[in-house]
Structures are given as C-alpha cells and as structure tokens.
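Asks: Number 27 in the working numbering belongs to position 26 of the sequence shown; there are no gaps in the numbering.
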Amino acid sequence: MEEQFPFGEELFLSAAMIAATVFFHAVIIAATAAIFRATSSSAWGMMRFVRDSVMLTLLSLVLMAAHLVEIAAWAFMFLNIGAFGAIEEALYFSASAYTTLGFGDVLLPQEWRLLGGAIAADGFLLFGLSAAFLFEIAARLRLGGERAH
Numbered sequence: 002m003e004e005q006f007p008f009g010e011e012l013f014l015s016a017a018m019i020a021a022t023v024f025f026h027a028v029i030i031a032a033t034a035a036i037f038r039a040t041s042s043s044a045w046g047m048m049r050f051v052r053d054s055v056m057l058t059l060l061s062l063v064l065m066a067a068h069l070v071e072i073a074a075w076a077f078m079f080l081n082i083g084a085f086g087a088i089e090e091a092l093y094f095s096a097s098a099y100t101t102l103g104f105g106d107v108l109l110p111q112e113w114r115l116l117g118g119a120i121a122a123d124g125f126l127l128f129g130l131s132a133a134f135l136f137e138i139a140a141r142l143r144l145g146g147e148r149a150h
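1) Quick one: give me the first and last residue of the alpha helix (DSSP H) that Ala-121 is part of.
2) Hey, quick one: how far does the alpha helix (DSSP H) through Val-107 stretch, first residue to last?
3) Please list the terminal residues of the continuous alpha helix (DSSP H) segment that includes Thr-22.
4) What is the DSSP secondary structure of Ile-1, counted as helix, strand or coil?
5) So Leu-62 and Leu-135 are supposed to be a Cβ contact under 8 Å. How far apart are they, rounded?
6) Is the segment 89-106 close to the segment 39-57, with three or more CB pairs under 8 Å?
7) Nearest to Phe-13 by CA position, among Leu-108, Ile-82, Ala-35, is which residue?
8) Once the 5 residues before and after Trp-75 are set aside, which same chain residues still bring their CB inside 7 Å of it?
9) Taking Ile-88 as part of the alpha helix (DSSP H), name the residues at either end of that continuous run.
10) Using the Cβ count rule (16 or more neighbours within 10 Å means buried), how would you classify Met-56?
11) What would DSSP say about Gly-46, mapped onto helix, strand or coil?
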C-alpha cells in the first residue's frame, strides 16, 4: 500500500530545520544587537573609524560563524536520516546547497530530494537576515549610534 502523503517526512524535517535555524539565527542577531547597544560610544575621528571597522568585522565574523553552525546542523540531520554516509560529504552538500551554489556533483538520494530546496531557501533567508542586520548596524554607525531612519 502506498503512503497517503509521501513527502510528509521531508516536509516535517524541512519545517523543523528551518524553524530551528531561523530561531538560532534570531538569537545570535538579538545577542549581537544587545552587545552593540551596550558598547556604543561617542568616539570621534580616527578612533570612531577604528571602532566602527572593528565592530563591523566582529559582527560579520559572528554571523559567518552562525551560518557555519547552521550548515553543520543540516549536515548532521542528513547523516542522521542516512542521506549521506560520511560527515565530509554531508557538510559539502550542506554548504553547497545552503549557499545556493549547488555544484550538483553530490546529490541527495531521491527519497530526500525535497530537502535540497528547503536548505537552499533556508540559507537564502538567513543570508538575507544577516545582510539586513549588517546594513542596519552600518547605518547606525554612520549616524553615530543614533536610530537609523
């Protein structure tokens, strides 16, 4: 007897992974925003330039680390469901799909192929959140820490 809803498990895993990674990313953004607010100062001239440059660099590194954790989470999920047999292959596929690069040299098994689109959509969304956050911080730095309009 065929399944009534053959893609149910894929859709559930997709929704769960997207919810988990978006929540994780939101926590990272909220925490770094709180740190930014707490460390904002009224430096001027070269000191302000150095402070702002260091701040944007550190924020970028924190966000990249968050993306790497999210890619690893997808890779471990792929290992857990048996889609890949080795961590290297799972990480490679996850990074390729998450960044929407998608070389196509490593593919998901047919029964899990919908997860490829889910990870790409997740990465696209989270890179967008990161870019929006960095843009907002850069705007606030440009305005001297005041609320950007």
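Glycine included, every Cβ here is placed at the ideal spot set by N, Cα and C.
Replies: According to the data block:
1) Taking the first residue of the sequence shown as position 1, residue 121 is located at position 120. Its alpha helix (DSSP H) spans residues 115-143.
2) Locating residue 107 in the sequence shown gives position 106, counting from the first residue. It is not in any alpha helix (DSSP H) - Val-107 carries neither H nor E in the DSSP assignment.
3) Numbered from 1 along the sequence shown, position 21 holds the residue referred to as residue 22. Counting along the chain, the alpha helix (DSSP H) containing Thr-22 begins and ends at 9-40.
4) With the chain covering only 2 through 150, there is no way to say anything about residue 1.
5) For the purposes of this step, residue 62 is identified with residue 61 of the sequence shown, where counting begins at 1. For the purposes of this step, residue 135 is identified with residue 134 of the sequence shown, where counting begins at 1. Not quite, the Cβ-Cβ distance comes to about 11 Å (not below 8 Å), so this is no contact.
6) no
7) The residue labelled residue 13 in the question sits at position 12 within the sequence shown. For the residues Leu-108, Ile-82, Ala-35, the minimum Cα distance to Phe-13 belongs to Ile-82.
8) Working through the sequence shown from its first residue, we reach residue 75 at position 74. If we look at Trp-75 and ignore the five residues flanking it on each side, its Cβ neighbours are Met-18, Ser-95, Tyr-99, Ile-120.
9) Taking the first residue of the sequence shown as 1, we reach residue 88 at position 87. Segment 88-99, the alpha helix (DSSP H) holding Ile-88.
10) Taking the sequence shown and counting its residues from 1, the one referred to as residue 56 is at position 55. Buried is the call here.
11) Here residue 46 is taken as the residue at index 45 of the sequence shown, counted from 1. Note: Gly-46 maps to helix in three-state DSSP.
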